[in-house]
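Here is the structure we will look at.
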Amino acid sequence: MIRSLAAIAAAAVLVLTGCVAIPDSGAVTEGVVDVSEQENGLVFLAQEPEEGATQEQIILGFLSAGISPDDDFSIAREFLTRDEAQRWQPDAGVIVRAGPPEVSFGSETQATAVVAAISEVDAGGALRRPGDDRMLEFEMLLQDGQWRIAAAPDGIVLSSFHFAELFRMHALHWMTPDATRSVPEVRWFERTATTLPSRIIDALLDGPSTWLSPAVVTSGAADASRVGEPRVDGTTMTVTVDATQIQQLGPGSLQALSQQLALSLRTVGVREVVVEVSGNPDLSASSAASPPIDLGAVDPRPLVLDGTSLRPIGAGASTIEDVGQTLSAIGATSYTVGAEGGVAHTGTTAVWIEAGADPVTISADAASVGTVDDSGWVLLQERSAPQRLLAWRDGERVELGLPQGTGRITAMELARDGSRLAIVTVDGDASQVLVAAIVRDAEGRPASLGEPYPLPLLDGVATDVTWSGPTQIAVLAAGGDQAQIATLVVGGDSEQLPQPGVPVQALVGGSEGTSTLRALGADGSLLSQRGRVWTAADGLGPISLIATQQ
């Protein structure tokens, strides 16, 4: 399915399963010279430079030494001159490569290494896919009779295998403009780094990535800086920031910052964060005193249309009779429900339906299944306006322009925070998933789309998309008699799921915070996926649809 979904099974975009050796003519080779097991995983030791190594061997040895981060990349620094070893910044970023670098020389001391980049991670841990080769420039110098690198690019280069072993995903948390919901963003940090909490804190203080920043707010991105190392007492971490930052951010920002930090540091075992101000011991705030944040959890029970009844499956289920009858009467093929009502789609018409009220036609020209946020704003595309999205609420219409060159939209869905829109576009026999920030005005009205963040290309025509987790998207694509389903982490890795065993019509994400994914079988069955297994619900007759719960 994916141009990655074939590739994902073998060497995925970042499921990262192969180790590629750097060929050379001498003794310098990439890879595991000595590998030891530690509690947290593998530790790789690269080779040190050998006596009499050529310029090319020194460059290849340096590039391969990124697998050994111990002692501040001391082995990699041995390939540099003494001055360059002091200057070089390995934490500036990571290039994840698809194959061995190719080194060429313009002169005896000037060299270029061409790296086929699968992806790149910047200093803040944000991942992007460059789509082309990277040209790394080197200057060589004889030092004590041995070739060394006098000028090297900052950052390190890793094979996909080593990146998967050495780095882990973490989520930084931003806030919606009304400060009621958390919006996670995936970042990558070195797994064994003793400074991991500090790197997460610094990345949060630097602010969100450019593509997401128009839709979120943060209490840490106003020239913020950390003072000293964080202090830990059990599961409580104390972080000191400079006084200038607090003056810039204004009253109340300290409390909000402590909450953002606590959410972002959960993956390293922190449950409470206390933020202090340098030079002012009386000014502090604890995340424990912060108001609760909506993390997007909904009723974990699937909500299905069974005949004319819309009802959750499970204990204590109550039927929403009038909504179910309306959905059945109009021949709805999908229903996305928010806090007070939802949008149904019949294949040509989008209809607003809520309990106790007459249905309202949003558009009789709906080209895509609509999606709704928790304040009742519906987003959809009309056939007559292929380069725009329609935002609708209570009869009000707002048009949002799509980025130039956007292909035909086949599916889209808002994340439950209402800040990110997953869009599937099709161009010929290929599909792509884009995630765009939803920019809103002061009243919460959708105003525009941000520059989209592209996910891996898919082979085939994708027909449905759903948020299967806070940062994960599931995509359904046509595949003959069997469904092809993949999950894509926004800013992370990708995976092809096993086929359910029956044709699938639609996907629906489960409760946020779980890995449950549900599917509607062509035979009307309700399928649930956990781990690598799909199971059909027992004792349930054919259903017409599974509602998406926002």
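Heads up, the sequence shown is in the numbering used here, so the first residue is 2 and it goes up one at a time. Just so you know, even glycine gets a beta-carbon here, dropped at the ideal spot from N, CA and C.
What residues in its chain sit with their C-beta under 6 Å from that of residue i, if we drop five residues either side in the sequence?
| i | result |
| --- | --- |
| Gln326 | Thr309 |
| Val427 | Gly408, Arg409, Thr411 and Val462 |
| Arg135 | Ile96, Val116 and Ala118 |
| Phe74 | Pro91 |
| Ala537 | Ser526 and Leu528 |
| Gly125 | Ala204 and Asp207 |
Is residue i near residue j, with beta carbons less than 7 Å apart?
| i | j | result |
| --- | --- | --- |
| Pro501 | Trp535 | yes |
| Val97 | Leu43 | no |
| Thr549 | Val490 | no |
| Trp189 | Val122 | yes |
| Gly371 | Val344 | yes |
| Ser287 | Ser259 | yes |
| Val425 | Val436 | no |
| Glu322 | Glu341 | no |
| Leu541 | Gln530 | no |
| Leu306 | Ser545 | yes |
Note down the Cα distance separating residue i from residue j, rounded to an integer number of angstroms.
| i | j | result |
| --- | --- | --- |
| Val466 | Ile474 | 7 Å |
| Leu401 | Ala448 | 7 Å |
| Arg227 | Glu51 | 41 Å |
| Gln261 | Asp375 | 22 Å |
| Ala423 | Ala416 | 8 Å |
| Pro215 | Ala438 | 7 Å |
| Gly339 | Val373 | 6 Å |
| His174 | Asp395 | 31 Å |
| Gly1 | Thr320 | Here the chain comprises residues numbered 2 to 551, so residue 1 is not present and cannot be evaluated. |
| Pro543 | Leu456 | 34 Å |
| Gly53 | Gln144 | 11 Å |
| Ala225 | Leu284 | 16 Å |
| Arg88 | Ala114 | 20 Å |
| Ile547 | Glu79 | 59 Å |
| Asp25 | Gln58 | A caution first: Asp25 carries a pLDDT of 33, below 50, which makes its placement in the model unreliable, though a value can still be read off. Answer to the nearest angstrom: the Cα atoms are 7 Å apart. |
| Arg302 | Glu49 | 57 Å |
| Gly493 | Thr349 | 35 Å |
| Ile76 | Gln56 | 17 Å |
| Ser335 | Val217 | 29 Å |
| Val361 | Glu444 | 23 Å |
| Leu311 | Ser65 | 58 Å |
| Gly100 | Pro313 | 50 Å |
| Gly429 | Asp460 | 10 Å |
Leaving out five residues on either side along the sequence, give the residues of the same chain with a beta carbon under 7 Å from the beta carbon of residue i.
| i | result |
| --- | --- |
| Ala289 | Glu273 |
| Ala153 | Phe63, Leu81, Glu85, Trp89 and Phe139 |
| Asp295 | Thr181 and Arg182 |
Can you list, in chain order, the residues of its chain with a C-beta nearer than 8 Å to that of residue i? Leave out the 5 residues immediately preceding and following it.
| i | result |
| --- | --- |
| Val142 | Reading the sequence as shown, one finds Leu at residue 142 and not Val. Around Leu142: Thr82, Thr110, Trp148, Arg149, Ile150 and Ala151. |
| Ala368 | Leu381, Gln382, Glu383, Arg384, Pro387 and Ile410 |
| Thr219 | Trp175, Met176, Leu205, Gly208, Pro209 and Gln261 |
| Gly522 | Pro501, Val503, Pro504, Val505, Gln506, Leu528 and Ala537 |
| Glu589 | For residue 589 there is no data in the structure shown, the boundaries of the chain being 2 and 551. |
Looking at residue i and the ligand FMN, is the gap between the Cβ and the nearest heavy atom below 6 Å?
| i | result |
| --- | --- |
| Val97 | Summarising the ligand content, the structure contains no ligands, and the ligand FMN is consequently not present. |
Looking at C-beta atoms only, is the number of pairs between the stretch 86-104 and the stretch 172-186 that lie closer than 8 Å three or more? no
Please give me, in chain order, every unbroken run of the beta strand (DSSP E) with length at least 3 that falls completely inside the stretch 379-430. 379-381, 389-394, 397-402, 409-415 and 421-428
Where are the beta strand (DSSP E) runs, 3 residues long or more, that stay fully inside the stretch 334-375, in chain order? 335-338, 343-346, 351-354 and 361-364
Per the contact definition of three or more C-beta pairs closer than 8 Å, is the stretch 194-208 in contact with the stretch 262-279? yes
With a cut-off of 8 Å, do at least 3 Cβ pairs link the stretch 225-241 to the stretch 164-178? As far as the Cβ criterion goes, the stretch 225-241 does not touch the stretch 164-178, which means the pair count is below three.
Is the stretch 101-114 touching the stretch 69-80 in the sense that three or more CB pairs, one from each, lie closer than 8 Å? no
Completely contained beta strand (DSSP E) runs for the stretch 132-193, where each covers 3 or more residues: Whole beta strand (DSSP E) segments, 3+ residues: 134-144, 147-152, 157-160, 168-176 and 183-191.
Hey, which unbroken runs of the alpha helix (DSSP H) at 4 residues or more fall wholly within the stretch 49-133? 56-65, 71-78 and 83-88
Which ranges does the beta strand (DSSP E) cover as unbroken runs of at least 3 residues, wholly within the stretch 204-289, from first to last along the chain? Those beta strand (DSSP E) runs which fall completely within the stretch 204-289 and span 3+ residues are 232-234, 237-242, 273-278 and 281-287.
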